[in-house]
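Enquirer:
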Amino acid sequence: MRVKRMLSLCLALLFLFCVQTPIQAEPLKHRVFYHGSREEKVIALTFDDGPHPRYTTEILAILEKYQVRATFFVIGKNLELYPTAARALLQSDNEIGNHTYSHPHMQYISTENLMEEINKTEEIIASLGGKPTTLFRPPEGAKSASHLTVVSHLSYKTVLWSIDTKDWAHHSPSSICKTVLKNVKGGDIVLFHDYVNPPSYTITALEYLIPMLLQNGYRFVTVSELLGQCSSSGEESSS
Ligand SMILES: [Zn+2]
38 MRVKRMLSLC
48 LALLFLFCVQ
58 TPIQAEPLKH
68 RVFYHGSREE
78 KVIALTFDDG
88 PHPRYTTEIL
98 AILEKYQVRA
108 TFFVIGKNLE
118 LYPTAARALL
128 QSDNEIGNHT
138 YSHPHMQYIS
148 TENLMEEINK
158 TEEIIASLGG
168 KPTTLFRPPE
178 GAKSASHLTV
188 VSHLSYKTVL
198 WSIDTKDWAH
208 HSPSSICKTV
218 LKNVKGGDIV
228 LFHDYVNPPS
238 YTITALEYLI
248 PMLLQNGYRF
258 VTVSELLGQC
268 SSSGEESSS
């Protein structure tokens, strides 16, 4: 897998070289996903910006209590800061996605720096015993054609969301629950955060939401499982 990553990196560098020369590069289909197939009552909960020693641990406990799995888009810097919480997360049954090393503003970052951010995080995940990741979520959901091209060349799928709980804006637990329950459909990817500053109401909302969604017949899957059931719906492609 490491060899595969190195190969992908070489291809990406080659691509960047080609872009800077008059040679016209082959159009690349970007793999950006907002949701999965709408055919079944399955949804993917996603948590950004962790791990956090307290809140990620609490989220993992809730997931375990209800025997559901989710996807965590982790920041490399936080993996380094909180290795115990990081190991617990990486060893859990949940899926891990890459959310860069330092959560930079995407409009100010070059394609080379973005590659470094992604690869550095991948190396930290490996050093803590995690599996190679295949999903990438850009900070703030920001995406530009050149960044998407780099991400695709590194063999990642870019994953955004179809429901934003706005937990990052400190919405109340009832508002978070209302947002999800009013809008939820099979195939949804739901955006939460492990931690925001000051702390959000994510945990309180989850305690109500998960049993409610289970009662309504929804199954929880990881993003890769959700997209595995998806041929092209929810995918935005461009060249
Ligand atoms: Zn983020």
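Per the numbering used here, the very first residue in the sequence shown carries number 38; after that it's consecutive. From the three backbone atoms N, C-alpha and C, an ideal C-beta is built for every residue, glycine too. Remember, it's a predicted structure, so these values are computed and weren't measured experimentally.
(1) Do D130 and R106 have their C-beta atoms within less than 8 Å of each other?
(2) Starting from the C-beta of P176, find all residues in its chain whose C-beta is less than 8 Å away, skip the five residues before and the five after it, and write them out in chain order.
(3) Let me confirm a value: P64 is counted as buried when at least 16 other C-beta atoms fall within 10 Å, else exposed. Which label applies?
(4) Between V196 and V260, which are expected to be in contact by the criterion C-beta below 8 Å, what is the C-beta distance as a whole number of angstroms?
(5) Do K194 and A68 come within 8 Å of each other at the CB atom, strictly closer than that value?
(6) Answer yes or no: the CB of D306 versus the heavy atoms of ligand 1, is any distance below 7 Å?
(7) So, do the stretch 145–159 and the stretch 91–110 have three or more beta carbon pairs nearer to each other than 8 Å?
(8) Assess, as a yes-or-no matter, whether the stretch 157–171 is touched by the stretch 216–230 under the definition of 3 or more beta carbon pairs within less than 8 Å.
(9) Within 10 Å of its beta-carbon, does P88 have 16 or more other beta-carbons around it, so buried, or fewer, so exposed?
(10) According to DSSP, what are the bridge partners of K194?
(11) With a CB to CB cut of under 6 Å and the five nearest residues on each side skipped, what residues in its chain are close to Q61?
(12) Verify whether the separation of the beta carbon atoms of Y238 and D204 is less than 8 Å.
(13) Taking Cβ positions, are Y71 and S199 nearer each other than 8 Å?
(14) How should T121 be labelled, buried or exposed, when 16 other C-beta atoms within 10 angstroms of its C-beta is the threshold for buried?
(15) Nearest by alpha-carbon distance to H207: which of N234, E160, A123 is it?
(16) When we look at the beta-carbon of Y255 and count the other beta-carbons within 10 Å, is it buried (16 or more) or exposed?
(17) Where G166 and T241 are concerned, what is the direct C-alpha to C-alpha distance, given to the nearest angstrom?
(18) Cα separation between T108 and E160?
(19) Just to confirm, is the Cβ distance from A81 to L263 under 8 Å?
(20) With burial defined as no fewer than 16 other Cβ atoms inside 10 Å of the residue's Cβ, what is the status of G265: buried or exposed?
(21) Tell me the residue span of the beta strand (DSSP E) that contains N135.
(22) Let's see if you can read the secondary structure: which residues bound the alpha helix (DSSP H) around T121?
(23) Relative to ligand 1, is the shortest distance from any of its heavy atoms to the C-beta of P169 smaller than 7 Å?
Expert: With the structure as the only source:
(1) Here residue 130 refers to the residue found at position 93 when the sequence shown is read from its first residue. Here residue 106 refers to the residue found at position 69 when the sequence shown is read from its first residue. Yes, the Cβ-Cβ distance between D130 and R106 is below 8 Å.
(2) For this step, residue 176 is matched to residue 139 along the sequence shown. Closer than 8 Å at the Cβ level, and outside the excluded window around P176, lie H136, T137, H140, P141, H142, M143.
(3) Residue numbering aside, residue 64 sits at position 27 when the sequence shown is read from its first letter. The pLDDT assigned to P64 is 47, lower than 50, so where the model puts this residue is not dependable, and the model offers no usable value.
(4) Within the sequence shown, residue 196 is the residue found at index 159, counting from 1. Within the sequence shown, residue 260 is the residue found at index 223, counting from 1. Indeed, because the Cβ distance is near 5 Å, the residues count as touching under 8 Å.
(5) As a first step, residue 68 must be located in the sequence shown, where it is residue number 31. As a first step, residue 194 must be located in the sequence shown, where it is residue number 157. Before going further, note that residue 68 is Arg rather than Ala in the sequence given. Closer than 8 Å, so yes.
(6) What is shown of the chain runs 38 to 276, which leaves residue 306 out entirely.
(7) no
(8) no
(9) Taking the sequence shown and counting its residues from 1, the one referred to as residue 88 is at position 51. Answer is buried; the Cβ neighbour count reaches 16.
(10) Along the sequence shown, read from residue 1 onward, the residue named residue 194 stands at position 157. Answer by DSSP bridge pairing, in chain order: L172.
(11) Walking along the sequence shown from the start, residue 61 turns up at place 24. Unreliable placement is indicated for Q61, whose pLDDT of 38 sits below 50; no coordinate value is reported for it.
(12) For the purposes of this step, residue 238 is identified with residue 201 of the sequence shown, where counting begins at 1. For the purposes of this step, residue 204 is identified with residue 167 of the sequence shown, where counting begins at 1. Cβ atoms of Y238 and D204: closer than 8 Å.
(13) The count along the sequence shown starts at 1 and reaches residue 71 at position 34. The count along the sequence shown starts at 1 and reaches residue 199 at position 162. Yes, they are a contact pair.
(14) As a position in the sequence shown, residue 121 is number 84, starting the count at 1. The residue in question, T121, is exposed, as its Cβ has fewer than 16 Cβ neighbours within 10 Å.
(15) Within the sequence shown, residue 207 is the residue found at index 170, counting from 1. Each of N234, E160, A123 was checked against the Cα of H207, and the nearest Cα belongs to N234.
(16) Here residue 255 refers to the residue found at position 218 of the sequence shown. Per the 10 Å Cβ criterion, buried.
(17) As a working mapping, residue 166 is identified with position 129 in the sequence shown. As a working mapping, residue 241 is identified with position 204 in the sequence shown. Distance between the alpha carbons of G166 and T241 is about 30 Å.
(18) By one-based count along the sequence shown, residue 108 stands at place 71. By one-based count along the sequence shown, residue 160 stands at place 123. Cα to Cα, T108 sits roughly 19 Å from E160.
(19) Numbered from 1 along the sequence shown, position 44 holds the residue referred to as residue 81. Numbered from 1 along the sequence shown, position 226 holds the residue referred to as residue 263. Contact flag set, yes.
(20) Taking the first residue of the sequence shown as 1, we reach residue 265 at position 228. Counting Cβ neighbours within 10 Å, G265 comes out exposed, since fewer than 16 surround it.
(21) Looking up residue 135 in the sequence shown gives position 98. Residues 132–135.
(22) Counting from 1 along the sequence shown, the entry for residue 121 is found at position 84. Unbroken alpha helix (DSSP H) run through T121: 120–128.
(23) Reading the sequence shown from its first residue, position 132 is the one you call residue 169. Every heavy atom of ligand 1 is 7 Å or more from the Cβ of P169, so no.
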